[in-house]
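Peer 1: Residue numbers (the numbering used here), protein chains in the order written: chain A, 19 to 467; chain B, 24 to 445.
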Amino acid sequence: MSKDIRIKKGLNINLIGEAEKSLSKAVESNVYAINLLDFHGITPKMLVKQGAEVKAGEPLFFNKNVEDMLFVSPVSGELIEVERGARRRILTLKILADKNQESIEHAPVAPSANAEDIKALLLKSGCWPFIKQRPYDMVANPERTPKAIFISAYVTSPLAADLEYSLKGKEKEIQAALTALGKLTPGKVHVSIGKGTQSLFSGMEGVELHNVSGPHPAGLVGTQINKIDPVNKGEVVWTIAPQDLVVIGELLLTGKYNPERVVALVGSSVKAPKYYTTKIGAEVSTFLYASGVNTDNFRVINGDVLTGSKTQPDGHLGFYNNTVSVIPEGDDYELFGWNKPVFDKISATRSLTFSWLQPNKKYDLDTNTNGEHRNFVFTGFYEKVFPLDIYPMQLLKACMVQDLDEMEQLGLYEVAPEDFSLTEFICVSKQPHQQIIREGLDLLYKEIG
Amino acid sequence: MSLKNNLHQLKEKYKGKKMAPAFNALHTFLYSPNETTHSGSHIRVVDDLKRNMNTVIMSLIPVLLFGIFNAGYQHYAAVDAAKGIAREASLFGNFITWENFIMGAWTVLPLVIVSYGVGLTIEFIFAVIKGHEVEEGYLVTGMLVPLIVPIDTPLWMLAVAVVFGVVIGKEIFGGTGMNILNPALTIRAFLFFAYPTWMSGDKVWVHQAVDLAGGPDAISGETVLGYLAQGRGAEMSYSVADMFFGFIPGSVGETSTLLILLGGLFLLFTKIASWRIMLSAVIGSLVMGLIFNGVVAAGWIPEYSTFYGLMSFAYWKHLIVGGLAFGIVYMATDPVTGSQTNRGKWIYGFLIGFISVLIRVFNPAYPEGVFLAILLMNVFAPTIDHYVVKGNINKRLKRAKNAMVLPTDGEGKAEELKAETV
């Protein structure tokens, strides 16, 4: 059974540097890192000390709020560094990989087992953090039961990895994960695929399939939740990215935590954008320089260009990411950049900007803000690219003035920062929308939780 | 290249200093800044506030040029009229002439210079005091102000009004984006209420009419609305074409409906202005005009009534005389002071058109209601938005109420997994 969802509002951002459909194995990384900033809403407590030897899948730390929730090492090796930030907050854990990889083995659990067994395995194996929850867009709280689980297999983000290509051959694992997830909710497991496309998800059992069409952000899971079954106050839904289903599925079938994944290396600064097989936490340079870069001044982004986080070539692949984008830094001035006619950049208006003439042209955008930060001035722009039934600017303003009642009433429970990535992209006033929403969610969690 | 580097050095040198915003304001006019994104969206659209404001200014330039020629033309036409010579306006015959241009430029450009000079000085002072960047809002305001005042407005009055409008109308609220009232209209309203004799009557719309009043060369030029309000519509010699093309007396930039229409279409094409506000304002004014025409047709109002002149004025002609078109295109569409929700924009625009014509007809002392109507709706825009947003909130509450259905207890799975609700 499947249902159609048609999104009209939005904007597809076509960029140069799409990954070519060819897969290589990335060089083994020497050092792997777990970036704790990837896991929002958890308080880490270390289980092993610096210098300890760990196996792949062995717990490194746990979540103080939910003590069963373990976070594990992607490889076996030595914990060589615990990087701390302000107030001794743990930022990064670095593991020097051994030559011989050994991993912890759990007893496999059948996907059709009961919810408690599945949950226990996911928690102790380090797979639980793949499940995120709304409200608050953070690692799901296993003590709450979600009313539904949402998975978006429709990709509209600029340059994001093609799931059909990167997940090919993993049907068995995905099906196992979907079946298991179905046990964790009394509601449905909603999977969205592109309308009219052949998807490896179309044959999956035990899910509610949705055919989505339309421009970005139609592929964002938040858009789909809003159209399928919006989050009400007091309710919880879970979301999981398709690439993470593979890890969960393999765990269920084999008992091993295997952090291997196919990553798309994309962006206009990459000489040969393509796909690499690597592991979570691997150093980006292990595959970045295999493809080569065509400039000295570039930015490496864990994730896609709209929602990813800034990193360095010697940074590490994020926990949730299956795309690494590399685009030119835009730290240069431009003569009369504010009034000359512009043909080579995307614009949401036609004020001497001509991107509307060629909607399918691929652009080479850099990280320049193209203007300075201002108060909100223009109205009605965000609504054109924001398909959720929410007033975007009003919600942003409610977050900025920290009005908890308004934040709640205007629908902050339903959104994640990524839902505001497109409004941030087109913002004339160059406001940091995602940051505003993130801070709003954190405040709401702290005050109301 | 070296200029770019030198300016960069200077910028670094001034960083954190008091004068940094002033320097940056000038710097960013030459070069768009080297700022990069840090988090969230790593790429951004090319549009910024400067570009969009610049687009509005571009759409105003034809109106300003026309206003310059018309200032000269109306002066010489009034001089001729005083001598008893009637003039027929012709674009290339007696309108676009050096004589008109020089006379017009000599009177209009000082208004522009004072408006920008005083306004931007205040903007710079506030930016330096408050330590934020100089915002672009005044670029448009400064252009609008000279276009909506009578031609001979003394420059000191204009300066005082600009100070009032920028400080009280905008800066005390927190600058561009935070103001409740349209700054240009605040300036206009200040002029109107502080110096009423200079802002209305039949002497202020034509250059030198005030200076020459009472003398042997006395000239005058009543606006179309002025004639109608006084019930002297029959004396008026302007044709519909004159009104549409703008060969009539009035505030500097408001007369040419044609160029305002083109400017409006340009703003809609560039997606800068809201078509919802423009369209609904036009509809609102037509509706009110039709109501008044209907009242006249029904014979409810005698011909000697003060209101008869304007009430019987054909409903569509309201759009081509006075400042209605200018107000709808350039003032009502101000995104900061207008309604911010799409549904709210329909209501907001409609009421602006509706109330403009209402005030016109019922205020014969000063038959121009547009700026008052827009200021009034500026005040009510947040209220309109409040109710529109309230609709969304209620929808969400209703949904939450309906959704709270607990799975029935005792049914195997449901008992095991009770969906949590508060």
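Even for Gly, the Cβ is constructed at its ideal location relative to N, Cα and C. It should be emphasised that the depicted structure is a prediction, and the values quoted were computed from it without experimental measurement.
Assign A:E390 to buried or exposed, taking buried as 16 or more other Cβ atoms, counted over all protein chains shown, within 10 Å of its Cβ.
Peer 2: Sequence index remark: in the first sequence, residue 390 of chain A carries index 372 (1-based). Buried, since its Cβ has 16 or more Cβ neighbours within 10 Å.
Peer 1: Are the beta-carbon atoms of A:Q193 and A:M222 separated by less than 8 angstroms?
Peer 2: The sequence position of residue 193 of chain A within the first sequence is 175, counting from 1. The sequence position of residue 222 of chain A within the first sequence is 204, counting from 1. In this structure, A:M222 lies closer than 8 angstroms to A:Q193 by Cβ.
Peer 1: Examine chain B for any beta-carbon lying closer than 8 angstroms to the beta-carbon of A:K448, and answer yes or no.
Peer 2: Taking the first sequence and counting its residues from 1, one reaches residue 448 of chain A at position 430. Yes - at least one Cβ of chain B is within 8 angstroms of the one on A:K448.
Peer 1: Can you give me the C-alpha to C-alpha distance between A:K251 and B:I91, rounded to a whole angstrom?
Peer 2: Mapped onto the first sequence, residue 251 of chain A falls at position 233. Mapped onto the second sequence, residue 91 of chain B falls at position 68. Answer to the nearest angstrom: the Cα atoms are 60 angstroms apart.
Peer 1: Answer yes or no: do A:F219 and A:A158 have a C-beta to C-beta separation smaller than 8 angstroms?
Peer 2: Sequence index remark: in the first sequence, residue 219 of chain A carries index 201 (1-based). Sequence index remark: in the first sequence, residue 158 of chain A carries index 140 (1-based). Not in contact: A:F219 and A:A158 (Cβ atoms no closer than 8 angstroms).
Peer 1: For A:K112, does the count of other Cβ atoms within 10 angstroms reach 16, so buried, or fall short, so exposed?
Peer 2: The residue given as residue 112 of chain A occupies position 94 in the first sequence. Buried is the call here.
Peer 1: Could you spell out where the alpha helix (DSSP H) holding A:E457 opens and where it closes?
Peer 2: If you number the first sequence from 1, residue 457 of chain A lands on position 439. A:E457 -> alpha helix (DSSP H) spans H451 to E465.
Peer 1: In three-state DSSP terms, what is A:H124?
Peer 2: Position 106 of the first sequence, counted from the start, is the residue given in the question as residue 124 of chain A. Note: A:H124 maps to coil in three-state DSSP.
Peer 1: Classify A:N244 as helix, strand or coil using the three-state DSSP reduction.
Peer 2: What you label residue 244 of chain A is simply residue 226 of the first sequence in a count that begins at 1. Of the three classes helix, strand and coil, the one that applies to A:N244 here is helix, per DSSP.
Peer 1: Is the shortest distance between the beta-carbon of A:D22 and the beta-carbons of chain B less than 8 angstroms?
Peer 2: Position 4 of the first sequence, counted from the start, is the residue given in the question as residue 22 of chain A. It does not; no Cβ of chain B falls within 8 angstroms.
Peer 1: With H, G and I counted as helix, E and B as strand and the rest as coil, what does DSSP make of B:H50?
Peer 2: Taking the first residue of the second sequence as position 1, residue 50 of chain B is located at position 27. Here B:H50 sits in helix by DSSP.
Peer 1: Tell me whether the beta-carbon of A:P346 lies closer than 8 angstroms to the beta-carbon of A:S286.
Peer 2: Stepping through the first sequence from its first residue, residue 346 of chain A is reached at position 328. Stepping through the first sequence from its first residue, residue 286 of chain A is reached at position 268. Cβ atoms of A:P346 and A:S286: closer than 8 angstroms.
Peer 1: Applying the criterion that 16 or more other CB atoms from any shown protein chain within 10 Å of the CB defines a buried residue, is B:I136 buried or exposed?
Peer 2: Numbered from 1 along the second sequence, position 113 holds the residue referred to as residue 136 of chain B. With fewer than 16 Cβ atoms within 10 Å of its Cβ, B:I136 is classed as exposed.
Peer 1: What are the complete beta strand (DSSP E) segments, minimum 3 residues, inside the region 327 to 411 of chain A?
Peer 2: Runs found: 327 to 329 and 341 to 346.
Peer 1: Pull up the CB-CB distance for A:N83 and A:T61, whole angstroms please, since I reckon it's below 8 angstroms.
Peer 2: Position 65 of the first sequence holds residue 83 of chain A. Position 43 of the first sequence holds residue 61 of chain A. Yes, they are in contact, since the Cβ atoms of A:N83 and A:T61 sit about 6 angstroms apart, within 8 angstroms.
Peer 1: Among all the DSSP beta bridges, which residues are the ones paired with B:L420?
Peer 2: Within the second sequence, the letter at position 397 stands for residue 420 of chain B. For B:L420, which the question treats as bridged, DSSP gives no partner whatsoever.
Peer 1: Tell me which residues share the same chain as A:D64 and place their Cβ nearer than 8 angstroms to its Cβ, disregarding the 5 neighbours each side in the sequence.
Peer 2: Reading the first sequence from its first residue, position 46 is the one you call residue 64 of chain A. It should be noted that the sequence gives Met, not Asp, for residue 64 of chain A. Answer for A:M64: L78, F79, V100 and I108, listed in chain order.
Peer 1: Determine the burial state of B:M76: buried for a count of at least 16 other Cβ atoms within 10 Å of its Cβ, exposed for fewer.
Peer 2: Position 53 of the second sequence holds residue 76 of chain B. Buried is the call here.
Peer 1: For a contact meaning CB atoms closer than 8 angstroms, what does A:W356 contact in chain B?
Peer 2: Locating residue 356 of chain A in the first sequence gives position 338, counting from the first residue. By Cβ distance, chain B contributes T51, F52, S55, D71, K73, R74 and N77.
Peer 1: Between the region 230 to 263 of chain A and chain B, which residues of the former have a C-beta closer than 9 angstroms to a C-beta of the latter?
Peer 2: Cβ contacts with chain B: D247, P248, N250, K251, G252, E253 and V254.
Peer 1: Looking only at DSSP bridge pairs, what is A:I31 linked to?
Peer 2: Here residue 31 of chain A corresponds to residue number 13 of the first sequence, with the count starting at 1. BP columns for A:I31 are empty, so no partner.
Peer 1: Tell me the DSSP bridge mates of A:Q151?
Peer 2: Numbered from 1 along the first sequence, position 133 holds the residue referred to as residue 151 of chain A. Beta-bridge pairing links A:Q151 to A:M156 and A:W256.
Peer 1: Is DSSP giving B:M166 helix, strand or coil here?
Peer 2: The count along the second sequence starts at 1 and reaches residue 166 of chain B at position 143. B:M166 falls in the helix class under three-state DSSP.
Peer 1: So, at 8 angstroms on beta carbons, what are the nonlocal neighbours of B:N28 in its own chain, with the 5 sequence-adjacent residues on each side left out?
Peer 2: Looking up residue 28 of chain B in the second sequence gives position 5. Same-chain partners within the cutoff: there are none.
Peer 1: Measuring only from the beta carbon, is A:T241 closer than 7 angstroms to any heavy atom that is part of the ligand FAD?
Peer 2: Inclusion of the ligand FAD in the displayed structure is not the case, the ligand content being empty and no account of it being possible.
Peer 1: By the DSSP assignment, the beta strand (DSSP E) with A:Y293 in it spans what residues?
Peer 2: Translated into positions along the first sequence, residue 293 of chain A becomes position 275. That run of the beta strand (DSSP E) goes K292 to K297.
Peer 1: Under a three-way DSSP split, which group does B:H65 fall into?
Peer 2: In the second sequence, residue 65 of chain B corresponds to position 42, counting from 1. B:H65 falls in the coil class under three-state DSSP.
Peer 1: Within the continuous beta strand (DSSP E) that includes A:L97, where are the two ends?
Peer 2: By 1-based counting over the first sequence, the position of residue 97 of chain A is 79. Where A:L97 is concerned, the enclosing beta strand (DSSP E) stretches over G95 to R102.
Peer 1: Among B:N202, B:N386 and B:V359, which has the Cα closest to the Cα of B:V190?
Peer 2: Within the second sequence, residue 190 of chain B is the residue found at index 167, counting from 1. Ranking B:N202, B:N386 and B:V359 by Cα distance to B:V190 puts B:N202 first.
Peer 1: What in chain B is Cβ-close to A:G389, meaning under 7 angstroms?
Peer 2: Along the first sequence, read from residue 1 onward, the residue named residue 389 of chain A stands at position 371. In chain order: S55, D71, L72 and K73.
Peer 1: Between B:E443 and A:V342, what straight-line distance do the alpha-carbon atoms span, to the nearest angstrom?
Peer 2: In the second sequence, counting from the first residue as 1, residue 443 of chain B sits at position 420. In the first sequence, counting from the first residue as 1, residue 342 of chain A sits at position 324. Note that B:E443 has pLDDT 47, beneath the 50 cutoff, so the model's placement of it is unreliable and no number is given.
Peer 1: Going along chain E in order, which residues have a C-beta closer than 7 angstroms to the C-beta of A:G348?
Peer 2: Although the question refers to chain E, the structure presented lacks it and instead comprises the protein chains A and B.
Peer 1: Can you name the start and end residues of the beta strand (DSSP E) that A:I319 belongs to?
Peer 2: Within the first sequence, numbered from 1, the residue matching residue 319 of chain A stands at position 301. F316 to N320 is the extent of the beta strand (DSSP E) around A:I319.
Peer 1: Less than 8 angstroms between C-beta atoms, sequence neighbours within five positions excluded: which residues of the same chain meet that for A:A290?
Peer 2: For the purposes of this step, residue 290 of chain A is taken as residue 272 along the first sequence, with counting starting at 1. Correct list, in chain order: E38, S309 and G310.
Peer 1: Got a sec, what are the start and stop residues for the beta strand (DSSP E) A:S170 sits in?
Peer 2: Residue numbering aside, residue 170 of chain A sits at position 152 when the first sequence is read from its first letter. Looking at the DSSP string, the run of the beta strand (DSSP E) that includes A:S170 is A166 to S170.
Peer 1: What residue from A:T325, A:D332 and A:D314 has the CA that sits closest to A:D56's CA?
Peer 2: Taking the first sequence and counting its residues from 1, one reaches residue 56 of chain A at position 38. The option with the nearest alpha carbon to A:D56 is A:T325.
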